[in-house]
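J.:
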Amino acid sequence: MKILEVTNVDFSLRHFLLPLMRGLRAEGHEVIGVCADGPLLAEVRDEGFRVEPVPMVRSFSPLAQVQALSALMALIRQEQPDIVHAHMPISGLLARLAAKLCGVQCVAYTCHGFLFNQPGSMPRRGLSLALEWMAGRITDRYFTVSTQEAEDAQRLHIHPKPLALGNGRDPASFHPDPEARQRIRAELGVPPNAVVIIAVSRLVRHKGYPELLEAMEQVPGAELWVVGERLASDHGSSLDENFARAERELGGRLRRLGYRRDIPALLAAADIFVLPSHFEGLPMSVIEAMLCGLPVVATDIRGPREQVVNGRTGLLVPVGEVAPLARSLLRLVRDSDLRYRMGSSGRMRAQSRYDEATVTAHAVAALLGDAKDKKPVPDHQAAPH
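Last residue of the sequence shown? That's 385 in UniProt numbering, and every number before it is there in order.
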């Protein structure tokens, strides 16, 4: 079969969808990625996948959305896919609508986090819920990454049979690595016994950086590595002032490492992982940190509260509050035995729940199962490896 995997930007396709695309291709299907153009698509194309650029934007701009919808419909009519699998709120809505209008036999959607669960005005959240509800009427297969959002989808009658697929990462790539720990610390000039807290995410406010940077002022004896950058498509005010203050207050205890491709090695070189987000789906970064044996300090929100067992694999803190975040970080900084126990328990939990091969196989079976329940369709030639 021919399957279109549709998302918003190259970052999402590369980091979230690529394992599923590999799994579908391994089953003999032709898989085409669809999203806005960007530099990270080169990595996907290097693996032999075709990626078709569509002018997606992460905003409610009516003109931009009409243009994206038109481009999606033209692409779908050209490719005649058997399945359109959409991702992310806005691109997911547009792709499902385009697929329905073009008569695609199987329309699927994976929710990576509902907009109506995010902070915002009531009118904006209400509009998001209404759009999700309407889009659910034209969706054959409805997936979420978190269990709680599958429950939301059923409770709010968005879809009668939502299925939580989870997320996964490869334990062969993410694991404790003493050699990498020594090498990275030597490269950065960090002593072997220094306690390192690491945050890996896009540099946007809703990842909790204002609170984290302020909390670090109350966590002496540790340094913070910030890994990631702001995407061109990200919204909201910049964090320049927050980081400028942190650089004054923390000095050499703050290291901004930018976008890196050696995340497994950086995690192996750190001691504590932190993600004080305001909202999430089911964050990959938490899974990666757990597989690397790090205790996790995260906010008590959808997603992380499913991943982190409070007091056993990490610590959960209230959203947007500096003092509890600082106390939790300080507790782990001061107790190496606790870090080890929580990190070891977290690694075992991640290995049993978030193994990429297992999660991908489940997702492939769930996606193809809907198409197999319908009338037979002709196979298309599989994409080259």
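Backbone N, C-alpha and C fix where the C-beta goes; we use that ideal spot for every residue, glycine too.
V84 to E288, Cα distance in whole Å?
T.: Whole-angstrom Cα-Cα distance: 29 Å.
J.: Should V196 and L329 be called a contact, given that it needs their Cβ atoms to be closer than 7 Å?
T.: no
J.: Below 8 Å, how does it come out for the region 146–153 and the region 168–184: are there three or more Cβ pairs, yes or no?
T.: no
J.: Give the range of the beta strand (DSSP E) segment to which R349 is assigned.
T.: Note, R349: premise wrong, no beta strand (DSSP E); alpha helix (DSSP H) at 336–353.
J.: Starting from the C-beta of K2, find all residues in its chain whose C-beta is less than 6 Å away, skip the five residues before and the five after it, and write them out in chain order.
T.: Closer than 6 Å at Cβ, skipping near neighbours: E30, P81, D82, H380.
J.: Would DSSP call N242 helix, strand or coil?
T.: In this structure, N242 counts as helix in the three-state DSSP scheme.
J.: Taking the CB atoms as reference points, tell me whether L69 and A98 lie closer together than 7 Å.
T.: yes
J.: Take M134 as the anchor and find which of Y142, F114, I158, P119 has the nearest alpha-carbon.
T.: I158
J.: Does the region 162–170 come close enough to the region 201–216 that 3 or more CB-CB pairs lie under 8 Å?
T.: no
J.: Report the CB separation of G33 from E5 in whole angstroms; it is logged as a contact under 8 Å.
T.: 5 Å
J.: Could you check what DSSP says for residue 400 in three-state terms: helix, strand or coil?
T.: Beyond the ends of the chain as shown, which are 1 and 385, falls residue 400; an answer cannot be given.
J.: How is H15 classed by DSSP in three states: helix, strand or coil?
T.: helix
J.: Who pairs with R141 in a beta bridge, going by DSSP?
T.: Paired residues: A108.
J.: Mind checking who E356 pairs with in its DSSP beta bridge?
T.: Looking at the DSSP assignment, E356 forms no beta bridge with any residue, so it has no partner.
J.: Can you list, in chain order, the residues of its chain whose CB lies under 8 Å from that of V377, leaving out five sequence neighbours each side?
T.: Its pLDDT being 32, under 50, V377 is placed unreliably in this model, and the coordinates cannot settle the point.
J.: Run through DSSP, which three-state label would H85 get?
T.: strand
J.: Would you report the Cα separation of L254 and S173, rounded to the nearest angstrom?
T.: 26 Å
J.: Measure how close the beta-carbons of L94 and Q118 come, nearest whole angstrom, since I'm counting them as under 8 Å.
T.: That belief does not hold up - the Cβ atoms of L94 and Q118 are roughly 19 Å apart, past 8 Å.
J.: Under 7 Å between the Cβ atoms of L367 and A108?
T.: yes
J.: Would you call the region 240–247 and the region 300–311 touching, i.e. three or more CB-CB distances under 8 Å?
T.: Contact check between the region 240–247 and the region 300–311: fewer than three CB pairs, one atom from each, fall below 8 Å, which does not count as touching.
J.: Quick one, which of T139, L156, R141 has its alpha-carbon nearest L129's?
T.: L156
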